[in-house]
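Heads up, the sequence shown is in the UniProt record's numbering, so the first residue is 1 and it goes up one at a time. All C-beta atoms in this analysis are idealised placements derived from N, C-alpha and C, irrespective of residue type, glycine included. Have a look at the structure below, then the notes.
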Amino acid sequence: MFEAAHGARRRELRQTVERELTDLAAQLDAEPVPREARAQEHYQRALDARDTAGRLLADEDASDADLVGALVLEDLAQTALGNARALTHGRPEAPPVPLCALNPTHGRSTTTGRWGSSPKLPVCRACARDLKTNRAPEVLDDGGRPYLERDTVWARTAFGALVSDLPTEVVRERVER
Numbered sequence: 001m002f003e004a005a006h007g008a009r010r011r012e013l014r015q016t017v018e019r020e021l022t023d024l025a026a027q028l029d030a031e032p033v034p035r036e037a038r039a040q041e042h043y044q045r046a047l048d049a050r051d052t053a054g055r056l057l058a059d060e061d062a063s064d065a066d067l068v069g070a071l072v073l074e075d076l077a078q079t080a081l082g083n084a085r086a087l088t089h090g091r092p093e094a095p096p097v098p099l100c101a102l103n104p105t106h107g108r109s110t111t112t113g114r115w116g117s118s119p120k121l122p123v124c125r126a127c128a129r130d131l132k133t134n135r136a137p138e139v140l141d142d143g144g145r146p147y148l149e150r151d152t153v154w155a156r157t158a159f160g161a162l163v164s165d166l167p168t169e170v171v172r173e174r175v176e177r
C-alpha cells in the first residue's frame, strides 16, 4: 500500500515538472533573444536551468529529490527569464528570493536559519518557526532520510542556496556518476 502511494506521489510530481517545463519552453520560444549583454546572460541562465531540469525529468530513475530539484531549476529559469525581460524593457533586475532550502516545496523563503550544523540557509516562515521553537522542521525526505543528510548535489548545494550556478553543479554530478 505504501509503495503504491509513493508511486502515485512520484507520478504526480513528475507530471508537475513536465507541465512546468512545457510552459517554460513555450515562454522561452516566444521570447526573442535579448540584445543587451546582461539580459542575454539572464536568458542563457534560463536556458541552462531549463535544459538541466529537462535532463532530470528524462531520467526514469530520478528520485523524488531529483524531481524537486527539477522544479527548483525551473524556478531559477523563470527568475532569470523575468530578469532578461525586465532589462530588455528598461526595468531593473529583481533580486532573487530563494525557495526554502529545507524543503523547496514550501515555497519562498522569508528569513534564514540553521538546521543542525548547517550554515545559515534561506527558510520559509513555517520552518523558521519550527527552528525557533526547537521543533523539527519538515525537511524534504530523500529515501527515508532528510535530504541534507545524504551525499547528493541537492544536499551539498541546499537545492542551490549555497552555490551561484546550480545547473552546472547538477550537470557535473551527473557526469561524474
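Query, Result
"Cβ neighbours of L148 in the same chain (closer than 8 Å, five flanking residues each side left out)", "L102, W115, G116, S118, V139, A155, A158"
"Selected residue, minimal CA-CA separation from E74, among D23, S164, K132, D141", "D23"
"Same chain only: Cβ atoms within 6 Å of V97, ignoring 5 sequence neighbours per side", "R108"
"Contact between the stretch 43 to 54 and the stretch 75 to 87 (3+ Cβ pairs under 8 Å)", "yes"
"Pair within 8 Å by beta-carbon distance, P34 and L87", "yes"
"Backbone secondary structure at P98 - three-state DSSP", "coil"
"P167 vs A58 beta-carbon contact at 8 Å", "no"
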